[in-house]
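A.B. asks: Take the sequence shown: its letters are residues 231 to 571, numbered as in our numbering.
Yeah, the Cβ is synthetic: ideal placement off N, Cα and C, and Gly gets one too.
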Amino acid sequence: MSSPRILVTGGCGYIGSHTIVDLLESGYEVVSVDNGINSSFDVLDGIEAITGKRVMNIDVDLSETAEAVAAIKEHGPFDGIIHFAALKSVEESVFKPLRYFRNNIGSTLTTMKIMEDLNVPHLIFSSSCTVYGTPENLPVTEDTPMGRAENPYGATKQTGEILYDQYFKNKTGKTGISLRYFNPAGAHPSALIGESPTQKATNLVPVITETAIGLRESLMVFGDDYPSRDGSCIRDYVHVTDLARAHTLAIDHLLKQMNHRPYEVYNLGIGQGVTVLEAIHAFQEATGVNVNYMIGPRRAGDVAAIYADNTRITDQLGWKPEQDIQSIMRSAWAWEKARRK
Ligand code: UD1
């Protein structure tokens, strides 16, 4: 039997590239579609160095539906789509909401058109715990209602989920899963691929590694007056290789028709809250490298604490996170050093 073929949108990005590695190592065939808007095609070399396989990338803008479908059609058929392609800077989305709506929602609509025109039965959507807004109770389960979107980026993830829900509900034979990521971090243990933000990093882990390597003088901890163990915010950091694995399990699940409903959502976090100060200390312990930090004011839009109840994904998809915060920090540091050489 031939290997299932998966179209990975945003395959040259951070989570997309790690997922491609996991898919290839699990026997899938992969085609990437990525226009390099926030990624580098060099990542294809890293994927090849890890897996021994060269992945083809289709360089087209997914928000241009007709052009994208025509370009992708030539390379079908596909058994599934994993849709990562999206802009993800919360800050930028506040200043350029239309850019985010056009790019993120436009590409989401295109994935549905690809499913129609190329008769693709399954899709996995890269969603975010941002859909919960500010949750009232912790940990959050999938039944926690969507909160009011905090920003345009969050609105695009909520919209994606709403559209897919309606699409799959009304399309016999097609199934989909949204994976709601908590805080993805870390890099492949080979240090051949990792996160390469084209803009200045704003997420905590790359900010820590950039500070440790001397690109920044010091890190600002955004607030130490939250109601937490040490006053800093709590998040659920999940290693990108564990996160990648969940996508392979999700597509396996759909291909084997094990889903109970046409469209399912799953939290994707390890279920443990870590404070910002604990994360910094974990980095220092894991690497032996000091990070200068100072305490600053709260960042607008931050929620005090969020972490996952991951019972559903562990029970139904058999996902089991294997990496902890120390391993996240070790791999992120190895990657930071490798990419600055
Ligand atoms: C952010 C987004 C979230 C998005 C995710 C994508 C916001 C409000 N949320 O999550 O919607 O899905 O990125 O990756 O932007 N921190 C510092 N100093 C820093 C950087 C971060 O103290 O220089 C703290 C933050 O206050 C937060 C924690 O570290 O408590 C994690 O921040 P970050 O990595 O930016 O992720 P989120 O804000 O959780």
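Contact between the segment 498-511 and the segment 459-467 is defined here as three or more beta-carbon pairs at a separation below 8 Å; is this criterion met?
C.D. replies: Taking 8 Å as the limit for Cβ pairs, the verdict is that the segment 459-467 does touch the segment 498-511.
A.B. asks: With which residues is M450 paired in a DSSP beta bridge?
C.D. replies: Answer by DSSP bridge pairing, in chain order: M524.
A.B. asks: Three-state secondary structure (DSSP) at M286?
C.D. replies: Residue state, collapsed to three classes: strand.
A.B. asks: Which of the three DSSP states is assigned to E566 in this structure?
C.D. replies: E566 falls in the helix class under three-state DSSP.
A.B. asks: Touch check for the segment 410-427 and the segment 466-480: three-plus C-beta pairs under 8 Å?
C.D. replies: Result yes; three or more Cβ-Cβ pairs closer than 8 Å.
A.B. asks: Write down the C-beta distance between T340 and T295 rounded to the nearest angstrom, noting that I regard them as a contact closer than 8 Å.
C.D. replies: Right, the Cβ-Cβ distance comes to about 5 Å (below 8 Å), so this counts as a contact.
A.B. asks: Label I250 either buried or exposed according to how many other C-beta atoms from any shown protein chain fall within 10 Å of its C-beta, with 16 as the threshold for buried.
C.D. replies: So I250 counts as buried.
A.B. asks: Return the residue from the list M524, V260 and N381 that minimises the CA-CA distance to S232.
C.D. replies: Measuring from the Cα of S232, the nearest candidate turns out to be V260.
A.B. asks: Is the segment 488-495 in contact with the segment 437-447, if contact means three or more CB pairs nearer than 8 Å?
C.D. replies: At 8 Å Cβ cutoff, the stretches do not touch.
A.B. asks: For L422, which of P457, G276 and N287 has the nearest alpha-carbon?
C.D. replies: For L422, the nearest C-alpha among the options comes from G276.
A.B. asks: Tell me whether G623, by its Cβ, gets closer than 7 Å to a heavy atom of the ligand UD1.
C.D. replies: Any answer about residue 623 is impossible in this case: the structure gives the chain only from 231 up to 571.
A.B. asks: Using 7 Å as the cut-off, classify the Cβ of N334 as near or not near the heavy atoms of the ligand UD1, replying yes or no.
C.D. replies: Checking every heavy atom of the ligand UD1 against the Cβ of N334, none is found closer than 7 Å.
A.B. asks: Determine whether the beta carbon atoms of G266 and F314 lie at a separation below 8 Å.
C.D. replies: No, Cβ-Cβ distance for G266 and F314 is not below 8 Å.
A.B. asks: On the DSSP letters alone, give me the boundaries of the beta strand (DSSP E) that P414 sits inside.
C.D. replies: It spans N413 to A415 - the beta strand (DSSP E) in which P414 sits, taken as one unbroken run.
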